[in-house]
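Numbering (this note's numbering), first residue to last: 28 to 630. Even glycine gets a Cβ: it sits at the ideal position worked out from N, Cα and C. Here the structure is a predicted model, which is why all the values come from computation and not from measurement. Notes follow the structure.
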Ligand code: GTP
């Protein structure tokens, strides 16, 4: 296919602005899927994605489109729709020459619109602004066009107004893709060079790498090498994605497709890596970063007898997702398990949900923590002899006496909201140790604020909090902002005098008292009364800083039944048994499994 008639593009948008709906329409128009198929959002495959209505894993499709009597090959490279996956988004974008930037005609520019815009802008791509949902009663495309002009400096005449749902002006979107985007400039005569921008694992065929060819061509049987891992493979199968796989004999520069080459784990086809012919090594493409976990949590089977089942489920899931890091771990209270690292909180939730839904595994997940660093004052006292260590488990927090300085990860957050909520938002941000860096109006009554936050402060429930206090109007996105020195200490939680390692957290010194008190109160709420009194304490070192008491109580569910309705009795007994299944003994105390996470959530 001639390179001049290829266009590679992505759709980027804030969550729910209609990316998947537009992608479906584009597939329908070009006949890649039939209308009757009406396979709602074929591009979103995972069950959790459907449930939550968010795209987690990118899917890609090659479309053939007739324009002025010529056939064009349009490669729609789908991107994940969440901040946790911004690295994946940046890699998908680097395989394109342009993007469709979708903005909801009613909601206007949101935090993720801004973040995605900058990813495309920095990659110097052609940006086509698309205002979606113009069919909505309270749509205000005019206002959104003004925002786009003001915030992104794109003339408002360049915006296309569409309704992805009704199909209005969707054909025009494809025409503009052909007209405004440049074709890729890659050359077939150059040595073969391809970017891996996504990968999937198939039980029977192994790893399926999605690639964009930046030069040369690739045929079945070729020997290729992955630049960053330096491993070599033979190509067994390759082809186009339509969006299902369509095997071909060859792929050429400028095309996008899939490659199967005997890779056994997705870790072998890392996103951002470069493939080349073994006989013709090339410079790897810039921008490769190995996945960096920013949220860590312990994971344990509810019941130790489920350990091996859970282990195989975790192994299968990580085969599919190379960005999860896995370390074996064990705890006195919860037995053998793992410490897992995720890109962000949503990534962690998706993983847990898949474990429960696809593998029917019942797990305890401990409170998430961010990777702190400690600069040691006398490295020789520590067995590895390093100067700087990263702490992913609060229970292994090194003692102050060994440490010169602690560092915590920071993020730059973007918040967009109607200005009625400015006061409330500022106080929430202050409460999370946020430092305001900037505030601008994007139209008459909407503001965009920039805040520097410690990642730890926003990781658990900041977004929910922001949403609820702004009646759902505020949006939030963040990016990595390095490490900063922090005065943090380890706080332990004791149940009846015994420290529970899984409830240990790292807190800011100034907040230790209030955090300790809050955790004790939440545990008091979360742990049901039992046959004996339970003391819940928070301690710094040997000093107890907060305490709550859970009074003894014997829960007798049958007291509610008068008379002899036996089925009712059975039902209640069953309910109590089910309730117990969600409990775990810590020493002699029964603790509900969600308590480990809920203990960190603020009111
Ligand atoms: P993520 O996958 O989370 O990134 O969301 P998305 O951007 O793909 O949004 P999606 O396509 O799932 O659409 C979100 C919601 O908006 C769905 O309920 C759609 O039916 C609805 N929607 C999409 N386009 C339109 C439109 O043109 N008009 C109206 N009224 N609703 C639309």
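Assign residue i to one of two classes, buried (16 or more other C-beta atoms within 10 Å of its C-beta) or exposed (fewer than that).
i	result
residue 34	buried
residue 237	buried
residue 462	exposed
residue 317	exposed
residue 559	exposed
residue 53	buried
residue 340	buried
residue 231	exposed
residue 309	buried
residue 105	buried
residue 455	buried
residue 620	buried
residue 98	exposed
residue 388	buried
residue 611	buried
residue 426	exposed
According to DSSP, is residue i helix, strand or coil?
i	result
residue 227	strand
residue 361	coil
residue 465	strand
residue 136	coil
residue 631	As shown, the chain starts at 28 and ends at 630. That puts residue 631 outside it, with no answer to give.
residue 450	helix
residue 312	coil
residue 341	helix
residue 325	strand
residue 156	strand
residue 119	helix
residue 580	coil
residue 385	helix
residue 493	helix
residue 186	coil
residue 92	strand
residue 442	strand
residue 480	strand
residue 236	strand
residue 612	strand
residue 102	strand
Going by CA-CA distance only, name the one from the options that's closest to residue i.
i	options	result
residue 153	36, 174 and 258	36
residue 429	516, 54 and 383	516
residue 334	348, 625, 302 and 355	355
residue 383	326, 431 and 128	326
residue 353	378, 332, 330 and 373	378
residue 289	251, 270, 315 and 271	251
residue 294	129, 225 and 551	225
residue 361	445, 246 and 332	332
residue 473	483, 497, 482 and 484	497
residue 58	28, 41, 40 and 89	89
residue 218	234, 201 and 249	249
residue 538	575, 579 and 483	483
residue 533	287, 466 and 424	424
Taking the Cβ atom as the reference point for each residue, do residue i and residue j lie within a distance shorter than 8 Å?
i	j	result
residue 493	residue 503	yes
residue 368	residue 357	no
residue 165	residue 191	no
residue 91	residue 370	no
residue 513	residue 415	no
residue 253	residue 221	no
residue 449	residue 136	no
residue 161	residue 189	yes
residue 174	residue 470	yes
residue 103	residue 87	yes
residue 178	residue 132	no
residue 56	residue 197	yes
residue 622	residue 577	no
residue 439	residue 511	no
residue 240	residue 193	no
residue 506	residue 142	yes
residue 129	residue 45	yes
residue 575	residue 557	no
Quick one: does the C-beta of residue i sit closer than 7 Å to a heavy atom of the ligand NAP?
i	result
residue 112	Of the ligands one can find in the structure shown, namely the ligand GTP, none is the ligand NAP.
Given 8 Å, three or more beta-carbon pairs between the segment 124 to 133 and the segment 207 to 220 = yes
Touching or not, the segment 456 to 476 and the segment 418 to 434, by the rule of three or more beta carbon pairs under 8 Å?
-> no
The segment 261 to 274 contacting the segment 191 to 205, beta-carbon criterion three pairs below 8 Å | no
Cβ contact (3+ pairs, closer than 8 Å) linking the segment 560 to 567 and the segment 536 to 547 = yes
Determine, using beta-carbon pairs with one atom in the segment 311 to 328 and one in the segment 386 to 399, whether at least three such pairs fall under 8 Å.
-> yes
Could you say if the segment 303 to 317 and the segment 268 to 288 meet the contact criterion of at least three C-beta pairs nearer than 8 Å?
-> no
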